[in-house]
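Trainee: Each protein sequence line maps, in turn, to chains S and U.
Anchor point for the first sequence: position 67 equals 426 in the working numbering, and the numbering is continuous, going up by one each time.
Anchor point for the second sequence: position 34 equals 380 in the working numbering, and the numbering is continuous, going up by one each time.
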Amino acid sequence: MSYIIQNPGIVWGLLLEHIIITGSSLLIAIAIAFPFGVLVADKPRLATPVLGFLGILYTIPSIALMILLLPIVGLGRQAIIVTLVVYAQVILVRNIIAGLRAVDPVILEAAHGMGMNSWQRLWQIQLPQALPVILAGVRIAAIVDIAIATIGAKFGAGGLGELLFQGIAQAGRYDKIWAGALSVAALALIVNWSLLALERAFDTTRRIRRSERRQLAIKKG
Amino acid sequence: MGETLLRAYEYATDHQEEFLRALGEHLLLVGLALGIATLICVPLGIVTSRSRAVAATVINIFNSLRVVPSLAILFLAIPYFGLSLTSAWIALTILALPPILINTDTAFRTINPAIKEVAYGMGMTGQQRLWRVEAPLALPVIIAGIRTATVEVIASATLAAFIGSGGLGIYVTRGFALYDNAILLVGAVPVALLALLAEMVMSRLQRAVQPPA
Chain S
360 MSYIIQNPGI VWGLLLEHII ITGSSLLIAI AIAFPFGVLV ADKPRLATPV LGFLGILYTI
420 PSIALMILLL PIVGLGRQAI IVTLVVYAQV ILVRNIIAGL RAVDPVILEA AHGMGMNSWQ
480 RLWQIQLPQA LPVILAGVRI AAIVDIAIAT IGAKFGAGGL GELLFQGIAQ AGRYDKIWAG
540 ALSVAALALI VNWSLLALER AFDTTRRIRR SERRQLAIKK G
Chain U
347 MGETLLRAYE YATDHQEEFL RALGEHLLLV GLALGIATLI CVPLGIVTSR SRAVAATVIN
407 IFNSLRVVPS LAILFLAIPY FGLSLTSAWI ALTILALPPI LINTDTAFRT INPAIKEVAY
467 GMGMTGQQRL WRVEAPLALP VIIAGIRTAT VEVIASATLA AFIGSGGLGI YVTRGFALYD
527 NAILLVGAVP VALLALLAEM VMSRLQRAVQ PPA
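(1) Could you name the residues of chain U that S/S421 contacts, counting a contact when the two beta carbons are closer than 8 Å?
(2) Quick check on the burial criterion: 16 or more other C-beta atoms within 10 angstroms. Buried or exposed for S/I505?
(3) In three-state DSSP terms, what is U/T452?
(4) In this structure, how does DSSP classify S/V370 when only helix, strand and coil are distinguished?
(5) Quick one: is U/S416 buried, meaning 16 or more other Cβ sit within 10 Å of its Cβ, or exposed?
(6) Let me know the secondary structure DSSP gives S/R573 once reduced to three states.
(7) Go to S/L413, then tell me how far its alpha helix (DSSP H) extends in each direction, as first and last residue.
(8) I believe U/A354 touches U/L540 by the beta-carbon criterion, under 8 Å. Please report the beta-carbon distance rounded to the nearest angstrom.
(9) Specify whether the region 455–463 of chain S and the region 475–495 of chain S touch according to this definition: at least 3 beta carbon pairs, one from each stretch, less than 8 Å apart.
(10) Three Cβ pairs or more, each shorter than 8 Å: is that satisfied between the region 350–364 of chain U and the region 495–515 of chain U?
(11) By Cβ distance, which residues of its chain are closer than 8 Å to S/G442, with the 5 residues on each side in sequence left out?
(12) Less than 9 Å between the beta carbons of U/A418 and S/L385, yes or no?
(13) Relative to the C-alpha of U/V547, which candidate in U/A506, U/T494, U/L514 has its C-alpha closest?
(14) Rounded to whole angstroms, what's the CA-CA distance from S/G526 to S/R566? Just pull it up for me.
(15) Would you mind giving the Cβ-Cβ distance between U/L375 and U/G513, rounded to the nearest angstrom? I have them listed as a contact below 8 Å.
(16) Along the chain, where does the alpha helix (DSSP H) containing U/L514 start, and where does it finish?
(17) For U/P486 and chain S, any beta-carbon pair shorter than 9 Å?
(18) Would a C-beta distance cut-off of 9 Å place S/G539 and S/R436 closer than the cut-off?
(19) Return no unless some Cβ of chain S is closer than 9 Å to the Cβ of U/T504.
(20) Taking a contact to mean a Cβ-Cβ separation below 9 Å, would you say U/I386 touches U/T394 in this structure?
(21) Could you give the distance in angstroms between the alpha-carbon of S/A528 and the alpha-carbon of S/E521?
(22) Does any C-beta atom of chain U lie closer than 9 Å to the C-beta of S/G526?
(23) Please classify S/K513 as buried or exposed, where buried requires at least 16 other C-beta atoms within 10 Å of its C-beta.
(24) Applying a beta-carbon distance threshold of less than 7 Å, which residues of chain S neighbour U/V537?
(25) Sort S/G515, S/T563, S/I419, S/A545 by Cα distance to S/L486 and report the nearest one.
(26) Given that U/V497 touches chain S, what residues does it touch there, using C-beta distances under 7 Å?
(27) U/A423 to S/I419, Cα distance in whole Å?
(28) In chain order, what are the residue ranges of uninterrupted alpha helix (DSSP H) at least 4 long that sit wholly in the region 483–524 of chain S?
(29) Between U/A434, U/L443, U/H372, which lies nearest to U/I382 when the distance is taken from Cα to Cα?
(30) For S/P464, which option in S/A489, S/L451, S/I450 has the closest C-alpha, if you only look at C-alpha atoms?
(31) Who are the neighbours of U/F427 on chain S, taking C-beta pairs under 8 Å?
(32) Along the alpha helix (DSSP H) that carries U/D360, what are the first and last residues, could you check?
(33) Check S/M425 in the structure and name its three-state DSSP category.
(34) Which residues of chain S have a Cβ atom closer than 8 Å to the Cβ of U/T350, listed in chain order?
(35) Taking 9 Å as the threshold (beta carbon to beta carbon), is S/T442 in contact with chain A?
(36) In whole angstroms, what is the alpha-carbon distance linking S/L373 and S/S383?
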């Protein structure tokens with residue numbers, strides 16, 4: 360804690376780096392996963408092998424994947440961003456597919472009957488319904504990326520992992536270990552909570568239940 | 347890439363004895379952490395699944411623990427236990443706890459209450475219901491939790507070399523120290539294969555214990 364109070368500038372700078380690395384990876388990952396997931400979701404013959412392949416990539420420990428990618432992408436921030444995009448991809452695509460598939464086919468048929476075309480059904484029915492599950496994917500991907508970015512410091516990506524690795528490289532600098540661990544844990548917990556709140560806000564079943572309760576209260580009142 | 351892989355292979359065969367020892371250490375580290383975590387979390391999960399109040403707090407704590415990056419948990423062991431094997435296995439055990447606890451809790455909580463009532467109606471005692479009815483139904487979900495924990499701990503045990511645990515991660519720390527990609531691969535490739543193998547074996551096991559529908 361003392362290190363954070365004495366060097367707020369350093370810790371703040373590393374925190375910003377950490378946020379930039381994970382944030383940009385997450386945005387790139389979403390930009391790829393979203394159209395891809397939507398495209399693959401209703402094609403089980405394509406979805407199964409894709410999910411299988413992504414699952415294998417996900418099982419490989421992040422430090423091993425970074426090392427395996429090292430000859431291809433090299434050291435530094437870009438290399439780490441590639442790894443982060445890969446890991447986020449798995450979680451995002453899986454949740455986008457699961458979310459879209461969980462939409463009740465009866466609702467889709469009703470939409471079809473109302474004369475909606477497939478584009479309208481996607482944007483007005485499927486995506487709003489799938490949003491909480493998709494957001495859950497974004498949350499988990501963010502948490503995983505924050506954790507992996509910490510390891511990325513060893514590969515020259517910067518970020519809060521720097522403090523951790525400096526703390527063990529310089530004997531007795533437990534204050535740096537504490538500073539790094541506390542700030543990265545705080546970042547992960549805050550991101551988790553905020554995205555969890557967002558997930559709940561977009562949960563339609565919850566919203567319906569809430570408004571039903573409200574109407575009931577009005578009637579009773 | 348191909349040439350570096352070849353050099354990595356040569357390095358591993360040249361240092362065969364050390365490599366096998368590192369592999370053994372790695373497996374021991376993973377096995378120990380998983381064993382202890384399972385011994386703690388399965389009974390604890392059964393307790394939390396039976397009480398809403400205990401579950402809410404315990405599960406919340408473990409869920410938060412899960413969000414904290416593993417590297418932070420590993421390194422935080424150093425101020426207390428130094429750069430040592432003890433640090434590594436305490437941290438690895440802590441990392442293995444959340445998935446096992448959360449899955450055990452869910453497994454016992456989601457058992458159809460009608461089934462439990464039938465067992466009760468048949469005159470089974472609490473112990474009998476637990477061992478003969480609930481445990482077999484919960485087992486696949488518990489194993490799924492252990493599977494998640496296994497893959498995570500295999501990965502984290504590699505990072506544990508940074509805090510002096512030994513295991514396959516020594517090639518990662520050495521590779522970084524010597525700026526040698528080949529040595530890095532001597533750590534990375536076996537660890538990746540180990541994780542994939544563990545995932546495969548555990549998902550087989552999970553399917554094997556699945557009670558017939």
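Even for Gly, the Cβ is constructed at its ideal location relative to N, Cα and C.
Quick caveat: nothing in here was measured; it's all calculated off a predicted structure.
Mentor: Concretely, from the data shown:
(1) Simply A501.
(2) It is buried - the Cβ of S/I505 has at least 16 other Cβ atoms within 10 Å.
(3) Note: U/T452 maps to helix in three-state DSSP.
(4) Looking at S/V370 - three-state DSSP - the assignment turns out to be helix.
(5) Its Cβ being crowded by 16 or more others within 10 Å, U/S416 is buried.
(6) S/R573 carries a helical assignment under DSSP once its states are collapsed to helix, strand and coil.
(7) Residues 403–418.
(8) Contact between U/A354 and U/L540 is ruled out by a C-beta separation of about 16 Å, above the 8 Å threshold.
(9) Look at the beta carbons and you see the region 455–463 of chain S touching the region 475–495 of chain S: at least three pairs across the two are nearer than 8 Å.
(10) Inter-segment contact for the region 350–364 of chain U and the region 495–515 of chain U is absent: fewer than three beta-carbon pairs are separated by less than 8 Å.
(11) For clarity, residue 442 of chain S is Thr in the given sequence; the question names Gly instead. Within the same chain, Cβ atoms closer than 8 Å to the Cβ of S/T442 are found at S421, L424, M425, L428, I507, G511, the five residues on either side in sequence being excluded.
(12) No; because the gap between Cβ atoms is not below 9 Å, this pair is not in contact.
(13) Relative to U/V547, the option among U/A506, U/T494, U/L514 whose CA is nearest is U/T494.
(14) When rounded, the separation of the alpha-carbon atoms in S/G526 and S/R566 is 47 Å.
(15) Rounded, the Cβ-Cβ distance is 5 Å, consistent with contact.
(16) Secondary structure note for U/L514: it is in no alpha helix (DSSP H), with a DSSP letter that is neither H nor E.
(17) It does not: the Cβ of U/P486 has no partner Cβ on chain S nearer than 9 Å.
(18) By the CB criterion at 9 Å, S/G539 and S/R436 fall outside the cutoff.
(19) Yes - at least one Cβ of chain S is within 9 Å of the one on U/T504.
(20) Not closer than 9 Å, so no.
(21) S/A528 and S/E521: Cα-Cα distance of roughly 10 Å.
(22) Contact of S/G526 with chain U is assigned, a C-beta pair being separated by under 9 Å.
(23) Counting C-beta atoms within 10 angstroms of its own C-beta, S/K513 has 16 or more neighbours from the protein chains shown and is therefore classed as buried.
(24) Simply P420, A423.
(25) Among S/G515, S/T563, S/I419, S/A545, the Cα nearest to that of S/L486 belongs to S/T563.
(26) Here the neighbours are T418.
(27) Distance between the alpha carbons of U/A423 and S/I419: 25 Å.
(28) Along the region 483–524 of chain S, the alpha helix (DSSP H) occurs as fully enclosed runs of 4 or more residues at 486–511, listed in sequence order.
(29) Comparing Cα-Cα distances from U/I382 to each of U/A434, U/L443, U/H372, the minimum goes to U/L443.
(30) The candidate whose alpha carbon is nearest that of S/P464 is S/A489.
(31) Chain-ordered listing is empty here: chain S has no CB closer than 8 Å to the CB of U/F427, the nearest sitting near 12 Å.
(32) Start and end: 348–360.
(33) S/M425: helix per DSSP, three-state reduction.
(34) The contacting residues are P430.
(35) The chain inventory of the structure shown lacks chain A, comprising the protein chains S and U.
(36) Distance between S/L373 and S/S383, taken at the CA atoms: about 15 Å.
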